[in-house]
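So the protein lines, in turn, are chains A and B. Taken in order, the first sequence gives residues 4 to 236; the numbers are from the working numbering. Taken in order, the second sequence gives residues 4 to 236; the numbers are from the working numbering. For every residue, glycine included, the Cβ atom is placed at its ideal position computed from N, Cα and C. All values reported here derive from a predicted model rather than from experimental measurement. Down below is the structure, laid out as structure tokens.
Protein chains: 2
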Amino acid sequence: MAPTELILPGATSIIMNPESFPCQLISWDEAYQLSRKLARVIKSSGFRPDLVIAIGRGGYVPARIVCDFLLHSLLTSIKIEHWDIAACKRPEAAVRFPLAVDVRDQKVLIIDDVTDTGDTLRAALGYLNTLGAGETKTAVMQHKTSSAVVPDFYADVIKDWKWIIYPWAAHEDLVGFTDKVLSAEYATRDHILARLKEQYTLIVDENCLAEVLDDLIDMKKAEEFHDKFRKIR
Amino acid sequence: MAPTELILPGATSIIMNPESFPCQLISWDEAYQLSRKLARVIKSSGFRPDLVIAIGRGGYVPARIVCDFLLHSLLTSIKIEHWDIAACKRPEAAVRFPLAVDVRDQKVLIIDDVTDTGDTLRAALGYLNTLGAGETKTAVMQHKTSSAVVPDFYADVIKDWKWIIYPWAAHEDLVGFTDKVLSAEYATRDHILARLKEQYTLIVDENCLAEVLDDLIDMKKAEEFHDKFRKIR
């Protein structure tokens, strides 16, 4: 989920300013160790899934790693998206790409990266239920206590809410955050880096920022003039 | 693909002893940089897919990373497996988990980790063709020149065949290789590590080996006696 799709205060009881909140960048090694630990937790529970389902897109990497340690070959995916429903205070999670596999009476393990509100796991569980799946368990690397759904398995608990940036989503997340810190006034790269640090506790590499600004310009969300950048209204 | 499923000499023109061949372990950082480079190659080609399809299981991680740099949300997967056909000299690639998405006239980007014989990409392309997909391109991190199919996009070319171990498949690959180096005679951990190095150019961490041996014992493929290990016939 990109930060532009952030489910903000309405979704949870957290009082949070959407213009400034703490972020944490997870390294590849940390994500690997979390997924490896998650696999151990699942293994020691005795649950042996017939099928592993990655929730797209966040669950792709942890699900692949968990399958490695479970020596599990049968991996597939569903895509769950969050839609803004005009009448609702918060986006609604719904299955965008369904399953093409018969799950009736199968033991299913659903894997995502993180719980935030819990809406994604709830939508996945409801969907698997309508398909007649057998015993269905959920697993995430990191479980935020802000989530209304507690997954069956997790490697880490996060009590103080923060936005977690996984390495496979770092570019897109950074595009979202940089878009937020740009304003109608032109700003230098140093200014932008300082705002990312101040508002989102993010320390960003200059090369990464260059790639992000290129994308924002390509998308006609930003413009450059004499090495300074501003948002296009 | 685990090394136990290795497509050996019959599949390509490589003369190779299945009991000993060079392996290379790719780190998370290397896999990330390869996927990032792959995204740049795709982007600079001007090809803008409507849908990205990861080939399971090897394509899950590179496809997720490529989607990050392409800022592409629509990611799904198919699973392709290699089946041993009694009458054939080599396994046949076939779709195990199909697509649940309408791809008619869609521009599709298929992503896998590596080409080896090219059978996987050929099966994927044939399958997408039967579904009436529009322009369909293939992309891998590493293209081996042993492959009969040349992907449209790749980040790296491998001319001297070797088995590449990706970080998301390291445990399973190591289980396969350790199973191969075990014999009917009991061997110490040091002996096993030495054989892995000699036969497969693999330098393996002791903790990883411990986890691998545990799995082989659980699977009743190996047994332990006084800190020594042997294959169960």
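Check	Outcome
Have a look at Phe232(A), Gly137(A), Val117(A) and Arg125(A) and flag the residue whose alpha-carbon is nearest the alpha-carbon of Lys162(A).	Val117(A)
What number of angstroms, rounded off, separates the C-alpha of Val152(B) from the C-alpha of Asp230(B)?	46 Å
Give the secondary structure of Glu209(A) by DSSP, where H, G and I count as helix, E and B as strand, and everything else as coil.	helix
Of all Cβ atoms in chain B, is any one closer than 8 Å to the Cβ of Lys223(A)?	no
Check whether the Cβ atoms of Ala42(A) and Phe72(A) lie closer than 8 Å to each other.	yes
Along chain A, which residues have their Cβ under 7 Å away from the Cβ of Ser80(B)?	Thr79 and Ser80
Put Trp171(A) into one of helix, strand or coil per three-state DSSP.	helix
Roughly how many angstroms separate the alpha carbons of Ser23(A) and Asp193(A), rounded to a whole number?	18 Å
Ignore the nearest five residues each way along the sequence and tell me which others in Ser76(A)'s own chain have a CB closer than 8 Å to its CB.	Cys70
Bridge partners for Lys231(A) per DSSP, in chain order?	Phe228(A)
Can you tell which of Glu138(A), Ile235(A) and Trp164(A) has its C-alpha closest to the C-alpha of Ser149(A)?	Trp164(A)
What residues in its chain sit with their C-beta under 6 Å from that of Leu102(B), if we drop five residues either side in the sequence?	Ile81
Glu138(A) to Leu134(B), Cα distance in whole Å?	32 Å
At which residues does the beta strand (DSSP E) containing Leu54(A) begin and terminate?	Leu54 to Gly59
What in chain B is Cβ-close to Ile175(A), meaning under 7 Å?	Going by the sequence as given, residue 175(A) is Glu instead of Ile. Near Glu175(A) (Cβ distances below 7 Å), the residues of chain B are Asp71 and Leu74.
Which class does Leu102(B) belong to by DSSP, given the choice of helix, strand or coil?	coil
Nearest-angstrom Cα distance between Pro170(A) and Ile29(A)?	6 Å
Among the residues of its own chain, which have a CB less than 6 Å from the CB of Ile68(B), if the five just before and after it don't count?	Ser38
By how many angstroms is the C-alpha of Pro65(A) removed from the C-alpha of Ala142(A)?	10 Å
Compare the C-beta of Thr7(A) against all C-beta atoms of chain B and say whether one is closer than 8 Å.	At Thr7(A), the pLDDT of 39 sits below 50, so the modelled position is not reliable and the matter cannot be decided from this model.
By the 10 Å Cβ neighbour count, where 16 or more other Cβ atoms means buried, how is Arg107(A) classified, buried or exposed?	exposed
Between Leu205(B), Leu128(B) and Asp105(B), which lies nearest to Phe58(B) when the distance is taken from Cα to Cα?	With the sequence shown as reference, residue 58(B) is identified as Ile, and Phe is not the correct amino acid for it. Taking only the C-alpha atoms, the option nearest Ile58(B) is Leu128(B).
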